[in-house]
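J.: Starting off with a structure, shown below.
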Amino acid sequence: MEIKTVFSKPESLFDTPFHYCPGCGHGIIHRLIAELLDEMGARERTLSVAPVGCAVFAYHYFNFDCMEAPHGRTPAVATGLKRVHPDHLVFSYQGDGDLAAIGTGEIIHCANRGENITVIFVNNGTYGMTGGQMAPTTLLNQKTTTTPKGRSATQEGHPLKITEMLALTPGSAFLARSAVSSPQNIRITKKYIRKAFEVQDQKLGFSLVEILSPCPVNWGLTPVQAIRRIEETVIKEYPLGIIKDTIGP
Amino acid sequence: MKETVKLITGNEAIGTGAIIAGCRYYFGYPITPQNEIPEFMSRELPPRGGVFIQSESELAAINMVMGAAAAGGRAMTSSSSPGISLMQEGISYMAGMELPCVIVNVVRGGPGLGGIGPAQSDYFQSVKGGGHGDYHTITLAPHTGQEMLELTMLAFELADQYRNPALILTDGLLGQMSEAVEIPVNYKPRAFKKDWAMTGCKGRPPLIIKSLFLKESDLEENNLRIYKKYAELKKKETRSEAFQTRGADILLVAYGTSGRICKAVVEAARAEGIKAGLLRPITLFPFPETTLRKMAERSKAVLVAELSMGQFKEDVQRAVGDAAPVYFKNRVGGMVFSMEEILEEVRKIARRKTGGRKRV
């Protein structure tokens with residue numbers, strides 16, 4: 001009988017067990033990126049920037065060049081990398097605290113310059129690594145360790161839809177939001193990331209994929225409840241789909 | 250090496266030196282009194298295939314420098330005091346990641362928004378680390394347009410050689426003044442092998458550039474390794490100029506703008522029969538403490554002249570110890586002493602019956 005390999009670890013990932021919590025979305029997203037780099041044959045020309053946050057150790061898993069950046073500054077660091085190596089594939093990997101709070105300045109101006117980089121924006125609505133504080137993306141009434149009675153619009157403001165804000169910049173070429181909450185949504189996420197990488201390789205401008213991702217530990221839910229929360233609640237605030245596509249299908 | 254002479258401002262001399270040294274990546278944000286540097290780079294870099302980005306903030310600027318440096322490019326930024334304060338986080342990261350770059354601080358008076366006049370009140374920030382954690386920035390202090398050019402070139406070499414940020418510490422007086430500067434022609438910048446740089450993992454294992462070491466023993470090891478470089482820097486790269494120090498009873502110690510004024514003071518004092526001399530540190534980190542100590546031992550009094558409340562004097566006093574009494578003349582807030590003001594201090598010391606322990 002012939003044995004055929006139908007599933008294996010991508011070359012772009014090291015064979016290292018993820019340190020992420022049970023039910024976390026980072027592992028899925030790391031794998032999607034790795035599969036794509038394998039499929040595009042881009043691993044050896046990829047330069048990546050890890051954020052401050054849970055994914056700071058992305059370089060323990062990524063089998064390609066990776067560097068750290070100060071909190072929120074990954075788009076600026078990625079800009080420096082890309083301007084030196086314009087034909088490399090450069091992406092930054094950021095959480096919602098990193099991108100939508102401390103790094104708002106860098107992300108807006110990076111998009112506005114139309115930097116040919118891709119941003120993987122993982123939105124789990126909380127500061128995971130520091131223990132579940134409120135993020136700019138935290139939903140109204142959501143309890144966190146710094147909004148013990150739930151987020152209030154009058155006190156803490158509304159959830160920030162930064163990807164929609166970025167769509168206003170002429171430099172942004174491809175912006176989309178997906179979720180890693182179901183096999184179907186995971187496939188769509190991969191499709192969006194592929195498009196983002198292709199837009200970058202064609203030097204068409206800034207690309208970003210926002211990915212709604214579960215954080216069961218800090219949401220106080222089981223992994224299954226956490227992905228159900230994305231599908232039933234989070235998606236209502238952050239609708240899925242292509243937000244901006246100046247290229248077309 | 251052939252040279253051509255041009256009348257240019259100190260800030261333009263810095264830009265010229267950077268380009269000759271092979272800098273092709275500049276990132277910066279406007280702030281007075283250094284705007285001539287980004288303006289110069291925005292004109293001169295693109296025709297040479299280089300990159301100029303006016304960033305949205307000094308935070309972004311230093312982080313773009315970080316990315317370009319990590320990619321193996323010769324990168325720089327420039328700013329003035331409040332902007333340099335904003336960059337400190339990034340400079341600390343770059344020291345921790347062992348990334349080379351050149352940072353120019355055209356210092357203005359502080360604290361706070363301060364003023365735009367020449368000052369030397371960022372001395373501590375420049376030589377003691379400036380940001381968080383254990384590290385230093387190689388700090389060079391030019392005193393003429395010529396040195397603005399030459400020390401900028403040197404800064405790129407030292408940064409690459411020691412894989413550490415290097416800082417040009419100057420002020421608006423030197424930055425905005427025009428002088429005749431000899432510009433090297435056909436200069437070949439020293440090339441450094443950057444096998445640590447992010448170039449893609451073709452034909453080699455992937456590399457990681459980082460400053461995070463959660464295991465305490467790893468971080469300790471990293472810091473000890475970085476400090477070994479600083480020990481080597483101290484041994485090999487300490488630079489200073491001794492100006493008419495032979496037989497000097499009164500040793501002036503001053504850097505940058507103050508050092509330049511003190512040269513005139515020394516000449517005037519000598520003309521009056523007072524044996525004065527000047528030690529002018531060119532590197533502030535590493536600090537020329539051994540040279541200073543030896544010269545202080547041979548003199549009867551030391552006079553520090555600086556444009557701050559005594560930041561530089563602390564290091565001078567530390568090096569001089571009890572070898573000679575240390576006197577102090579300063580102006581602050583963007584005010585600059587005249588040659589005559591310092592000369593009067595020299596005369597006072599010379600007239601003193603007892604200048605501390607030793608008679609002058």
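Line by line, the protein sequences give chains A and B. Residues in the first sequence are numbered from 1 upward in steps of one, following our numbering. Residues in the second sequence are numbered from 250 upward in steps of one, following our numbering. Built from N, CA and C at the ideal position, the CB exists for glycine as well.
DSSP beta-bridge partners for A698(B)?
T.: Residue 698(B) is absent from the structure shown; chain B starts at 250 and stops at 609.
J.: Should D409(B) go down as buried or exposed, given a rule of 16 or more other Cβ atoms within 10 Å for buried?
T.: Taking the second sequence and counting its residues from 1, the one referred to as residue 409(B) is at position 160. Buried is the call here.
J.: Have a look at V314(B), N312(B), Y274(B) and G316(B) and flag the residue whose alpha-carbon is nearest the alpha-carbon of P296(B).
T.: Here residue 296(B) refers to the residue found at position 47 when the second sequence is read from its first residue. Comparing Cα positions, the closest option is Y274(B).
J.: Does the stretch 146–154 of chain A come within contact of the stretch 197–216 of chain A, defined as at least 3 CB pairs closer than 8 Å?
T.: no
J.: In whole angstroms, what separates the C-alpha of K512(B) from that of L592(B)?
T.: The sequence position of residue 512(B) within the second sequence is 263, counting from 1. The sequence position of residue 592(B) within the second sequence is 343, counting from 1. Each residue's alpha carbon lies about 11 Å from the other.
J.: Along chain A, in chain order, which residues have C-beta atoms closer than 8 Å to that of A408(B)?
T.: Taking the second sequence and counting its residues from 1, the one referred to as residue 408(B) is at position 159. Here the premise fails: no neighbours, minimum Cβ distance about 15 Å.
J.: Tell me whether A167(A) sits in a helix, a strand or coil according to DSSP, three-state version.
T.: Translated into positions along the first sequence, residue 167(A) becomes position 167. Looking at A167(A) - three-state DSSP - the assignment turns out to be coil, as it is neither helix nor strand.
J.: Taking C-alpha atoms, which residue in G264(B), A267(B) and P282(B) lies nearest to G583(B)?
T.: Taking the first residue of the second sequence as 1, we reach residue 583(B) at position 334. The shortest C-alpha separation from G583(B) is found at P282(B).
J.: Runs of 3 residues minimum, wholly inside the stretch 64–122 of chain A: which ones carry the beta strand (DSSP E) assignment?
T.: 65–68 and 89–95
J.: Can at least three beta-carbon pairs, one atom from the stretch 225–245 of chain A and one from the stretch 164–179 of chain A, be found at a separation below 8 Å?
T.: Yes, they touch.
J.: Report the neighbours of V119(A) on chain B: residues whose CB is nearer than 9 Å to its CB, in chain order.
T.: Translated into the one-based positions of the first sequence, residue 119(A) becomes position 119. Residues of chain B with a Cβ closer than 9 Å to the Cβ of V119(A) do not exist; the shortest Cβ-Cβ separation is about 14 Å.
J.: What does the alpha-carbon distance come out to for the pair A55(A) and G95(A)?
T.: By 1-based counting over the first sequence, the position of residue 55(A) is 55. By 1-based counting over the first sequence, the position of residue 95(A) is 95. Cα to Cα, the separation comes out at about 8 Å.
J.: By DSSP, does G416(B) sit in helix, in strand, or in coil?
T.: Within the second sequence, the letter at position 167 stands for residue 416(B). Reading off the sequence, residue 416(B) comes out as Leu, not Gly. DSSP places L416(B) in strand when its eight states are reduced to three.
J.: Whole angstroms are fine: how far does the CA of T401(B) sit from the CA of V609(B)?
T.: Along the second sequence, one-based indexing puts residue 609(B) at 360. Along the second sequence, one-based indexing puts residue 401(B) at 152. Annotation note: pLDDT 47 at V609(B) (below 50); position unreliable, coordinate value reported separately. In a straight line, the C-alpha of V609(B) is about 39 Å away from that of T401(B).
J.: For E465(B), decide whether its Cβ has a neighbour in chain A, counting only Cβ atoms nearer than 8 Å.
T.: Position 216 of the second sequence, counted from the start, is the residue given in the question as residue 465(B). Taking Cβ atoms only, chain A never reaches closer than 8 Å to E465(B), which makes this a no.
J.: Report the residues of the stretch 306–325 of chain B with a CB closer than 9 Å to any CB of chain A, ordered along the chain.
T.: Those would be S306, L308, A309, A310, I311, N312, M313, V314, M315, G316, A317, A318, A319, A320, G321, G322 and A324, in chain order.
J.: With 16 as the cutoff for other CB atoms within 10 Å, does L256(B) come out buried or exposed?
T.: For the purposes of this step, residue 256(B) is taken as residue 7 along the second sequence, with counting starting at 1. Per the 10 Å Cβ criterion, exposed.
J.: Let me confirm a value: E285(B) is counted as buried when at least 16 other C-beta atoms fall within 10 Å, else exposed. Which label applies?
T.: Here residue 285(B) refers to the residue found at position 36 of the second sequence. By the neighbour-count rule (16 or more Cβ atoms within 10 Å), E285(B) is buried.
J.: Compare the C-beta of I458(B) with all C-beta atoms of chain A and state if any pair is closer than 8 Å.
T.: Your numbering for residue 458(B) matches position 209 in the second sequence. With a threshold of 8 Å between beta carbons, I458(B) makes contact with chain A.
J.: Give me the residue from I598(B), G259(B) and K251(B) with the minimum Cα distance to E428(B).
T.: Stepping through the second sequence from its first residue, residue 428(B) is reached at position 179. With respect to the C-alpha of E428(B), the residue from I598(B), G259(B) and K251(B) having the closest C-alpha is G259(B).
J.: Starting from the C-beta of K607(B), find all residues in its chain whose C-beta is less than 6 Å away, skip the five residues before and the five after it, and write them out in chain order.
T.: Locating residue 607(B) in the second sequence gives position 358, where the first residue counts as 1. Note on K607(B): pLDDT 47, under 50, position unreliable in the model; the coordinate value appears next. Only K549 meet the Cβ criterion.
J.: Between which two residues does the alpha helix (DSSP H) carrying C511(B) extend?
T.: As a working mapping, residue 511(B) is identified with position 262 in the second sequence. First-last of the alpha helix (DSSP H) with C511(B): G505 to A520.
J.: So is S587(B) buried or exposed if we call it buried at 16+ other beta carbons inside 10 Å?
T.: As a position in the second sequence, residue 587(B) is number 338, starting the count at 1. Exposed.
J.: Can you tell me whether R488(B) is helix, strand or coil according to DSSP?
T.: Here the question's residue 488(B) lines up with position 239 in the second sequence. In the structure shown, R488(B) sits in coil (DSSP, three-state: anything other than H, G, I, E or B).
J.: Per DSSP, C350(B) forms a beta bridge with which residues?
T.: Residue 350(B) sits at position 101 when you count from the first residue of the second sequence. Under DSSP, C350(B) shares a beta bridge with P414(B).
J.: Determine which residues share a DSSP beta bridge with D245(A) and list them.
T.: In the first sequence, counting from the first residue as 1, residue 245(A) sits at position 245. The partner list for D245(A) (beta bridge, DSSP) reads F174(A).
J.: Mind pulling the chain A residues with CB within less than 8 Å of K451(B)?
T.: Stepping through the second sequence from its first residue, residue 451(B) is reached at position 202. Under the 8 Å cutoff, chain A gives E44 and R45.
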